[in-house]
Amino acid sequence: MSAVIEDVTASRPSSLEALGHALRRNPTIFIGATLLALLVIMAAVAPWITADPFRLSPINRLRPPSERWWFGTDQFGRDVFARTIHGARVSLVIGLSVAFISSVLGLAIGLVCGYFRAVDAVVMRVMDGLMAIPSILLAIALITLTRPGLGIVIVAIVIPELPRIARVVRSVVLSIRSQPFIESAVSGGTGDGMLLVRHILPNTLAPLIVQSTYVCASAMLIEAGLSFLGAGVPPEIPSWGNIIAQGRTFFQIAPWSILIPGAFLALTVLAVNMLGDGLRDRLDPRLARRM
Amino acid sequence: MNVLEVRDLATHFFTRDGVVRAVDGVSFDLAAGETLGIVGESGCGKSVTALSILRLIAPEAGRIVGGSVRFGGRELTALSNEEIRGIRGHEISMIFQEPMTSLNPVMTIGTQIAENVAQHWRVSWRAALDRAQEMLDFVGIADSRRRLGEYPHQLSGGMRQRVMIAIALSCNPKVLIADEPTTALDVTIQAQILDLMLGLKEKFGTAIVMITHDLGVVAETTQRVAVMYAGRKVEEASVERLFARPMHPYTRGLMRAIPHLDADAEIAGRRPRLHEITGIVPSLTRPIPGCAFAPRCAFAVERCRAERPVLEAWESGHTAACWEVARVLAAA
Chain W
0 MSAVIEDVTA
10 SRPSSLEALG
20 HALRRNPTIF
30 IGATLLALLV
40 IMAAVAPWIT
50 ADPFRLSPIN
60 RLRPPSERWW
70 FGTDQFGRDV
80 FARTIHGARV
90 SLVIGLSVAF
100 ISSVLGLAIG
110 LVCGYFRAVD
120 AVVMRVMDGL
130 MAIPSILLAI
140 ALITLTRPGL
150 GIVIVAIVIP
160 ELPRIARVVR
170 SVVLSIRSQP
180 FIESAVSGGT
190 GDGMLLVRHI
200 LPNTLAPLIV
210 QSTYVCASAM
220 LIEAGLSFLG
230 AGVPPEIPSW
240 GNIIAQGRTF
250 FQIAPWSILI
260 PGAFLALTVL
270 AVNMLGDGLR
280 DRLDPRLARR
290 M
Chain R
0 MNVLEVRDLA
10 THFFTRDGVV
20 RAVDGVSFDL
30 AAGETLGIVG
40 ESGCGKSVTA
50 LSILRLIAPE
60 AGRIVGGSVR
70 FGGRELTALS
80 NEEIRGIRGH
90 EISMIFQEPM
100 TSLNPVMTIG
110 TQIAENVAQH
120 WRVSWRAALD
130 RAQEMLDFVG
140 IADSRRRLGE
150 YPHQLSGGMR
160 QRVMIAIALS
170 CNPKVLIADE
180 PTTALDVTIQ
190 AQILDLMLGL
200 KEKFGTAIVM
210 ITHDLGVVAE
220 TTQRVAVMYA
230 GRKVEEASVE
240 RLFARPMHPY
250 TRGLMRAIPH
260 LDADAEIAGR
270 RPRLHEITGI
280 VPSLTRPIPG
290 CAFAPRCAFA
300 VERCRAERPV
310 LEAWESGHTA
320 ACWEVARVLA
330 AA
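Protein sequence lines correspond, in order, to chains W and R.
With numbering that gives the first Met the number 0 as the guide, the letters of the first sequence map in order to residues 0 to 290.
With numbering that gives the first Met the number 0 as the guide, the letters of the second sequence map in order to residues 0 to 331.
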């Protein structure tokens, strides 16, 4: 019997140190995550830190930003600060739920398509078809068929975003499938179900998370676009798209009611994308090795 | 007593360019506790033979078209998928060439060993983990309790191959098929891994099929050797006989191709040329009428190109498929 192998790996650093190290290596994740966390907190406590976003005050309409109305007021005298902060709720809810729903469905579709080749040919052509549908047109069609609401907007955005996730997962499954460790698991008597859930699925999570952050960001942008066109959430709900749409007639007199929610939208999308880019650099071994 | 009997095994791949006869009528026996070497160049069908035994050939690429694989009274080629899964990793295990990629990167090594145990022995997870730790001790990995929770990237290549051996032997298999187990390792680690495999074979009474292109590995580890060429067995003998009196010109070519370190010649600056077997392994898509080795063979005569040589026992326990054995031996 041969000699016992010596321990070659260094002792592990504490989790706190590891976190600090990761932050220094990946400032984009840190900035993105912090911005996003601030926005989430802001959206969560919105009712307690702002005035009523629905309260009309015609006497105070189109007031510029001041101590009383931080972001000014719109043409009905509603507080733009209150509406913008509440608008974050709509954007975040839509972004996160679209990301979540399309990740779960896309993961399932991608796993099945990548693993069972017979299903693949049919389902992926359907996915290609879905991808060809512009989400704006789909949303307008869906809303004319039903009543406008948050749910229908989410569905309208999920359908065209779903193939993006399914494609990424499928391609990862295809490459994982040909890895020697899958062959060796099969040679150990592992069945299809076990192979998919225990060996393949965990390996797809990193690219899935990265892709879902991009879907989240694009969902927020699409929602704003839909609301701006009047095909999104009902106009009385203060979403950033709605605020911008209602403010556009008075842009020359009251630019704040467009610029401020616009800046928030840009900032939120930027934060989510930074988080996604940072995670990609961190989780994608090919990129990580280069650093 | 033979644990494994392979008879006329044929595995073909169906490609756009035609049928590739990767394994075309291979037979061998494996006795309990024995180590059998299967040697040959790349592309001669060694690995496909190994994969065919456990029916691991991807069905969309190829399939076993003939022959039988008997294991303990059961015909493996006729089992249901469910039944063959119960044998894989349990009664017949396999180790592959690539220790760096043969472990799942996102699972701890403890989980990977315990999963094999829990799957085949139907024991609790706790018991499976205990077995995993015991296996790590057997394969000589220090601090096994802590190592159970580590991931493959935290281990070196040699240690990963030890883990692969631990997984393969975790259910006390009767047969271990090792497909080039040391090829990807440093030379210094190779000997350790081979020693470990032989030690554990003694301990567990496992029979080993050692697939390799390295005659050094064969000489060190095996008792009997089958030499394969172009999907067929061309010679089989005990390891001593094979090295003392190789009968097939291909076996001779392989042996001449082993580089020797000649210190005197090195000092004198006369480094001897390495020998090679000229030519390449023939394409297996078209049936070869005569001996597949004839185009590369110095002894080939007219008959070799026309008529396929049959395996014949020229001495007791030493078979070779060659028409010109007498001339080959005389030339030695």
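Think of the CB as a built atom: it goes at the ideal place given N, C-alpha and C, for glycine as much as any other residue.
Nearest-angstrom Cα separation, counted from residue j out to residue i
i, j, result
"proline 233 of chain W", "proline 206 of chain W", "34 Å"
"leucine 141 of chain W", "asparagine 202 of chain W", "36 Å"
"serine 26 of chain R", "threonine 212 of chain W", "56 Å"
"valine 309 of chain R", "proline 294 of chain R", "17 Å"
"alanine 287 of chain W", "isoleucine 192 of chain R", "Residue confidence is low: alanine 287 of chain W scores 49 on pLDDT, short of 50, so the model does not pin down where it sits. No coordinate-derived value is stated."
"leucine 110 of chain W", "isoleucine 243 of chain W", "40 Å"
"valine 125 of chain W", "leucine 144 of chain W", "23 Å"
"alanine 107 of chain W", "alanine 256 of chain R", "52 Å"
"leucine 55 of chain R", "valine 185 of chain W", "8 Å"
"arginine 281 of chain W", "alanine 270 of chain W", "16 Å"
"valine 103 of chain W", "cysteine 215 of chain W", "13 Å"
"arginine 73 of chain R", "glycine 32 of chain R", "19 Å"
"glycine 42 of chain R", "proline 286 of chain R", "16 Å"
"phenylalanine 115 of chain W", "phenylalanine 263 of chain W", "44 Å"
"arginine 87 of chain R", "aspartate 213 of chain R", "26 Å"
"phenylalanine 180 of chain W", "arginine 82 of chain W", "53 Å"
"valine 216 of chain R", "methionine 209 of chain R", "9 Å"
"valine 122 of chain W", "valine 172 of chain W", "15 Å"
"alanine 42 of chain W", "arginine 146 of chain W", "26 Å"
"serine 65 of chain W", "tryptophan 255 of chain W", "11 Å"
"tryptophan 120 of chain R", "histidine 89 of chain R", "8 Å"
Nearest candidate by alpha-carbon position, reference residue i, set the options
i, options, result
"alanine 127 of chain R", "R:Asn103, R:Ser101, R:Met209 and R:Ile166", "R:Ile166"
"threonine 221 of chain R", "R:Ala177, R:Val186 and R:Ile108", "R:Ala177"
"alanine 291 of chain R", "R:Val300, R:Pro281 and R:Ala297", "R:Pro281"
"glycine 105 of chain W", "W:Leu15, W:Leu91 and W:Met130", "W:Met130"
"arginine 247 of chain W", "W:Ser183, W:Met41, W:Asp73 and W:Pro162", "W:Asp73"
"tryptophan 313 of chain R", "R:Arg304, R:Arg326, R:Ala305 and R:Glu301", "R:Arg326"
"glutamate 40 of chain R", "R:Ile266, R:Leu78, R:Ala190 and R:Val233", "R:Val233"
"asparagine 115 of chain R", "R:Met93, R:Met99 and R:Glu97", "R:Met93"
"arginine 67 of chain W", "W:Asp78, W:Pro57 and W:Ile58", "W:Asp78"
"proline 63 of chain W", "W:Ile151, W:Leu258 and W:Val209", "W:Leu258"
"serine 96 of chain W", "W:Cys112, W:Leu149, W:Arg60 and W:Ile58", "W:Leu149"
"isoleucine 132 of chain W", "W:Leu91, W:Gly31, W:Gly231 and W:Ala155", "W:Ala155"
Reduced DSSP category for residue i - H, G, I as helix; E, B as strand; rest coil
i, result
"glutamate 82 of chain R", "helix"
"aspartate 73 of chain W", "coil"
"arginine 82 of chain W", "helix"
"asparagine 272 of chain W", "helix"
"alanine 325 of chain R", "helix"
"methionine 54 of chain W", "Strictly speaking, residue 54 of chain W in this sequence is arginine, with methionine absent from that position. DSSP places arginine 54 of chain W in coil when its eight states are reduced to three."
"phenylalanine 95 of chain R", "coil"
"tryptophan 313 of chain R", "strand"
"glycine 17 of chain R", "strand"
"phenylalanine 27 of chain R", "strand"
"aspartate 178 of chain R", "strand"
"methionine 0 of chain R", "coil"
"aspartate 348 of chain R", "The requested residue 348 of chain R is not part of the displayed model; chain R covers only 0 to 331."
"valine 300 of chain R", "coil"
"glutamate 149 of chain R", "coil"
"glycine 66 of chain R", "strand"
"valine 138 of chain R", "coil"
Residue i classed as buried or exposed, judged by whether at least 16 other C-beta atoms fall within 10 angstroms
i, result
"proline 26 of chain W", "exposed"
"isoleucine 221 of chain W", "buried"
"glycine 268 of chain R", "exposed"
"isoleucine 252 of chain W", "exposed"
"isoleucine 4 of chain W", "Here isoleucine 4 of chain W scores only 48 on pLDDT, less than 50, and its place in the model should not be relied on; the value that follows carries that caveat. Isoleucine 4 of chain W is buried by the Cβ-count criterion."
"glycine 277 of chain W", "buried"
"valine 186 of chain R", "exposed"
"asparagine 103 of chain R", "buried"
"valine 324 of chain R", "buried"
"glutamate 182 of chain W", "buried"
"leucine 136 of chain W", "exposed"
"lysine 45 of chain R", "buried"
"valine 7 of chain W", "Because the pLDDT at valine 7 of chain W is just 45, under 50, the model does not fix this residue reliably, and the value given afterwards should be weighed accordingly. Exposed."
Review point. On the three-pair Cβ rule with 8 Å, is the region 311-323 of chain R touching the region 54-73 of chain R?
Key: Flag = no, the region 311-323 of chain R and the region 54-73 of chain R do not touch.
Point to revise | Three-pair Cβ contact test at 8 Å for the region 1-8 of chain R versus the region 59-69 of chain R | key: Yes, they touch.
Check your understanding: Touch check for the region 222-232 of chain W and the region 35-51 of chain W: three-plus C-beta pairs under 8 Å?
Key -> Short answer: they don't touch.
Practice item. Quick one: which residues of the region 167-183 of chain W get their C-beta closer than 9 Å to a C-beta of chain A? List them in chain order. Key: Protein chains in the displayed structure are W and R, and chain A is not among them.
Check your understanding: Does the region 245-265 of chain R touch the region 212-232 of chain R, meaning 3 or more C-beta pairs lie closer than 8 Å?
Key -> Contact between the region 212-232 of chain R and the region 245-265 of chain R is present: three or more C-beta pairs spanning the two stretches fall below 8 Å.
**Study point:** Sufficient close CB pairs (3 or more, under 8 Å) joining the region 171-188 of chain R to the region 135-154 of chain R
**Key:** With a cut-off of 8 Å, the region 135-154 of chain R and the region 171-188 of chain R do not count as touching, because too few Cβ pairs lie within range.
Check your understanding: Can you find at least 3 beta carbon pairs, one from the region 153-170 of chain R and one from the region 131-138 of chain R, that sit closer than 8 Å?
Key -> The answer is yes - the region 131-138 of chain R touches the region 153-170 of chain R, with three or more Cβ pairs under 8 Å.
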